[in-house]
């Protein structure tokens with residue numbers, strides 16, 4: 033999916049013989065949803081959201097991107113940076129909204145598609161590890177968790193994360209190091 | 035923490051912990067179909083021809099700005115002259 037083509041369709045600058053219609057734009061946007069839905073869920077999962085909340089937030093992210101597509105400026109950064117800025121802001125707002133409530137891990141995500149290569153015991157162990165990791169992530173400060181969650185998105189480099197977070201690349205490195213260290217401590221000793 | 039264990043957490047974080055459900059794409063696109071896309075940037079405020087009152091107000095505003103600029107310039111030059119005279123008198127008289 034070519035974002036430049038999509039933007040040219042929206043602005044009406046596309047060199048197409050016919051006037052670009054809504055269906056053309058929708059079809060191209062569908063490609064973006066396909067490409068970014070996995071990384072977006074990954075980000076929201078690392079932010080400590082459960083499956084249901086992540087689905088709502090991911091859907092809202094795509095819908096906001098769709099409704100504000102004309103505001104995206106390709107000269108200012110990659111589409112992924114713009115999309116994850118929307119996702120990050122929504123995630124932080126959601127966290128702030130529920131800050132007064134006790135943060136509760138909603139429970140494990142629905143089981144993955146059963147793999148023929150993994151034994152049931154191994155699948156169970158993996159599910160437990162995942163749950164433990166979610167609980168540990170929930171104990172991190174939101175700002176640190178956010179940087180950690182963004183750092184695992186292959187589409188984003190350090191500079192993009194800095195742009196999303198509104199800080200320098202150095203500050204991102206520092207926060208990432210702090211988040212990893214704290215996460216290790218929590219995983220070693222959950223009562224820490 | 036053992037190296038293998040850290041690698042395990044790292045792998046889990048990379049996997050993303052949760053995945054989109056099979057119908058997620060269809061759900062989003064169904065919502066997209068219902069919502070408008072802001073195809074063009076919002077238009078600027080429409081241009082209005084200046085009225086006689088607006089022109090008069092604009093003229094007064096410019097005159098006040100010019101007077102303020104002239105007064106500030108005169109005050110600045112006076113300060114400079116006093117400073118220069120002070121330096122001269124301190125060196126020449128003393």
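Residue numbers (this note's numbering), protein chains in the order written: chain A, 33 to 224; chain B, 35 to 128. Think of the CB as a built atom: it goes at the ideal place given N, C-alpha and C, for glycine as much as any other residue.
Exercise for the section: Buried or exposed for residue 69/A, please, with buried defined as at least 16 other CB atoms from any protein chain shown within 10 angstroms of its CB. Expected result: As a first step, residue 69/A is located in the first chain; it is residue number 37 there, counting from the start. Buried, since its Cβ has 16 or more Cβ neighbours within 10 Å.
Problem - 8 Å contact criterion, which residue 169/A and residue 78/A should meet: CB distance rounded - result: The residue given as residue 169/A occupies position 137 in the first chain. The residue given as residue 78/A occupies position 46 in the first chain. Rounded, the Cβ-Cβ distance is 6 Å, consistent with contact.
Exercise for the section: Establish whether the CB of residue 77/A and some CB of chain B are separated by less than 7 Å. Expected result: Indexing the first chain from 1 puts residue 77/A at position 45. Chain B, which has a Cβ nearer than 7 Å to the Cβ of residue 77/A, makes this yes.
Problem - Nearest to residue 58/A (by Cα), restricted to the options 68/B, 54/B, 57/B and 55/B - result: The count along the first chain starts at 1 and reaches residue 58/A at position 26. Answer by Cα proximity: 68/B.
Practice task
Measuring alpha carbon to alpha carbon, tell me which of 117/A, 187/A and 205/A ends up nearest residue 195/A.
Solution key: On the first chain, residue 195/A is found 163 positions in, with the first residue counted as 1. Distances from the CA of residue 195/A to each of 117/A, 187/A and 205/A were compared; the closest alpha carbon is that of 117/A.
Practice task
Classify residue 204/A as buried or exposed, calling it buried when 16 or more other Cβ atoms lie within 10 Å of its own Cβ.
Solution key: The residue given as residue 204/A occupies position 172 in the first chain. It is buried - the Cβ of residue 204/A has at least 16 other Cβ atoms within 10 Å.
Handout entry: Three or more C-beta pairs below 8 Å linking the stretch 169-180 of chain A and the stretch 54-63 of chain B
Key = no
Exercise for the section: Kindly indicate which residue of 82/A, 87/A and 105/A has the alpha-carbon position closest to the one of residue 62/B. Expected result: Residue numbering aside, residue 62/B sits at position 28 when the second chain is read from its first letter. It is 87/A whose Cα lies nearest to the Cα of residue 62/B.
Practice task
For residue 64/B, go through chain A and note every residue whose CB falls closer than 7 Å to its CB, in chain order.
Solution key: Residue 64/B sits at position 30 when you count from the first residue of the second chain. Against chain A, a Cβ distance below 7 Å from residue 64/B picks out nothing, because the smallest value is about 10 Å.
Practice task
Report the residue from 106/A, 99/A, 183/A and 192/A whose alpha carbon sits nearest the alpha carbon of residue 212/A.
Solution key: Indexing the first chain from 1 puts residue 212/A at position 180. Residue 183/A is the option with its Cα nearest to residue 212/A.
Handout entry: chain B within 7 Å of residue 73/A, Cβ atoms only
Key = Residue numbering aside, residue 73/A sits at position 41 when the first chain is read from its first letter. Chain B, which has a Cβ nearer than 7 Å to the Cβ of residue 73/A, makes this yes.
Problem - Beta-carbon proximity check, residue 162/A vs residue 46/B, cutoff 7 Å - result: On the first chain, position 130 is the one that residue 162/A refers to. On the second chain, position 12 is the one that residue 46/B refers to. Yes.
Exercise for the section: Please work out which residues of its chain come closer than 6 Å, Cβ to Cβ, to residue 26/A, disregarding the five sequence neighbours upstream and downstream, and give them in chain order. Expected result: Missing from the structure shown is residue 26/A; chain A here goes from 33 to 224 and no further.
Problem - Burial state of residue 99/B (16 or more Cβ within 10 Å) - result: Along the second chain, read from residue 1 onward, the residue named residue 99/B stands at position 65. So residue 99/B counts as exposed.
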